[in-house]
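Numbering (the UniProt record's numbering), first residue to last: 1 to 257. Beta carbons are placed, not taken as given, at the ideal position from N, Cα and C, and that holds for glycine. Single-structure report; data block below.
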């Protein structure tokens with residue numbers, strides 16, 4: 001099985017004005033092959049730092065980060081990433097943006113891969129369009145296709161839908177789940193949206209900050225596709241909000257007429 005991630009005893013600190021500033025403390029986390037894991041937490045809790053370490057962009061830490069049992073050293077095509085901003089190159093067409101990471105392949109080999117992945121994200125027919133001609137949701141779908149075209153074993157998602165309007169975001173959540181089910185790829189997503197974390201995740205990892213700790217890991221044992229309006233969904237959402245002390249207090253209110 002591929003795409004299995006193990007983070008063991010991970011701690012990270014920065015040096016600010018010659019003083020250590022702990023950012024992550026003893027993080028232990030696993031993503032099974034084909035699992036979708038959501039991470040939520042307040043700003044500054046180290047979520048993005050954790051993703052940078054898993055990507056191999058930051059190597060100055062304590063602990064182990066293993067992919068398929070092997071220690072991660074630097075970046076690699078077995079790990080893809082999608083950021084909050086699509087980061088498409090504006091002077092390249094959609095197909096050229098998707099092909100950007102395939103330059104090692106001959107044109108004849110690239111073409112079917114590009115076609116397949118643009119079809120996967122519902123953008124067949126937009127190959128020659130430029131980023132400025134796309135909506136925000138369409139541009140982010142191109143970014144997802146670009147991340148998937150190298151067939152990574154693990155896809156890291158750093159607030160990938162955070163910049164979208166509310167309706168587009170819900171639509172893109174549904175599309176992302178379809179892609180995940182079809183590709184059977186392991187995914188690890190950072191989000192500030194509790195409902196999004198529940199809708200997409202097999203489990204939700206709650207982080208607290210300063211330094212970043214894993215406070216709790218909650219399995220999401222709801223059938224897919226998930227019904228946002230169901231009682232079970234609402235209960236789980238309330239339980240997660242209460243972890244951040246954002247639950248709505250149940251007050252006894254008397255009304256007089």
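Tell me residue i's beta-bridge partners as DSSP assigns them.
{"i": "residue 13", "result": "22"}
{"i": "residue 158", "result": "190"}
{"i": "residue 67", "result": "5 and 70"}
{"i": "residue 80", "result": "155"}
{"i": "residue 30", "result": "6"}
{"i": "residue 212", "result": "24"}
Measure how close the beta-carbons of residue i and residue j come, nearest whole angstrom, since I'm counting them as under 8 angstroms.
{"i": "residue 11", "j": "residue 24", "result": "6 angstroms"}
{"i": "residue 155", "j": "residue 101", "result": "About 13 angstroms; that fails the 8 angstroms criterion."}
{"i": "residue 46", "j": "residue 207", "result": "7 angstroms"}
{"i": "residue 195", "j": "residue 228", "result": "7 angstroms"}
{"i": "residue 120", "j": "residue 137", "result": "Their Cβ separation, rounded to whole angstroms, is 15 angstroms, which puts residue 120 and residue 137 out of contact at 8 angstroms."}
Out of the options, which has the shortest C-alpha to C-alpha gap to residue i?
{"i": "residue 39", "options": "130, 197, 176 and 213", "result": "197"}
{"i": "residue 125", "options": "110, 142 and 109", "result": "142"}
{"i": "residue 6", "options": "20, 17 and 29", "result": "29"}
{"i": "residue 87", "options": "205, 172, 144 and 76", "result": "144"}
{"i": "residue 135", "options": "114, 113, 110 and 161", "result": "161"}
{"i": "residue 222", "options": "173, 234, 76 and 214", "result": "234"}
{"i": "residue 98", "options": "172, 140, 214 and 175", "result": "140"}
Quick check on the burial criterion: 16 or more other C-beta atoms within 10 angstroms. Buried or exposed for residue i?
{"i": "residue 95", "result": "buried"}
{"i": "residue 219", "result": "exposed"}
{"i": "residue 74", "result": "exposed"}
{"i": "residue 117", "result": "buried"}
{"i": "residue 180", "result": "buried"}
{"i": "residue 248", "result": "Unreliable placement is indicated for residue 248, whose pLDDT of 49 sits below 50; the coordinate value is still reported in the next sentence. The residue is exposed, with fewer than 16 neighbouring Cβ atoms inside 10 Å."}
{"i": "residue 159", "result": "buried"}
{"i": "residue 224", "result": "exposed"}
{"i": "residue 50", "result": "buried"}
{"i": "residue 191", "result": "buried"}
{"i": "residue 251", "result": "Reliability fails at residue 251, whose pLDDT of 44 lies under 50, so the model's placement of it is uncertain and the value that follows must be treated cautiously. The residue in question, residue 251, is exposed, as its Cβ has fewer than 16 Cβ neighbours within 10 Å."}
Please report whether the beta-carbon of residue i lies at a distance below 7 angstroms from any beta-carbon of chain C.
{"i": "residue 68", "result": "Here chain C cannot be found, since the structure has a single protein chain."}
Are at least three pairs of beta-carbons, each pair with one atom in the stretch 21–37 and one in the stretch 185–204, less than 8 angstroms apart? Touching, per the Cβ criterion.
Does the stretch 184–197 come within contact of the stretch 139–155, defined as at least 3 CB pairs closer than 8 angstroms? These segments touch.
Taking 8 angstroms as the cut-off, does the stretch 113–130 touch the stretch 63–83 (at least 3 CB pairs, one atom from each stretch)? Flag = no, the stretch 63–83 and the stretch 113–130 do not touch.
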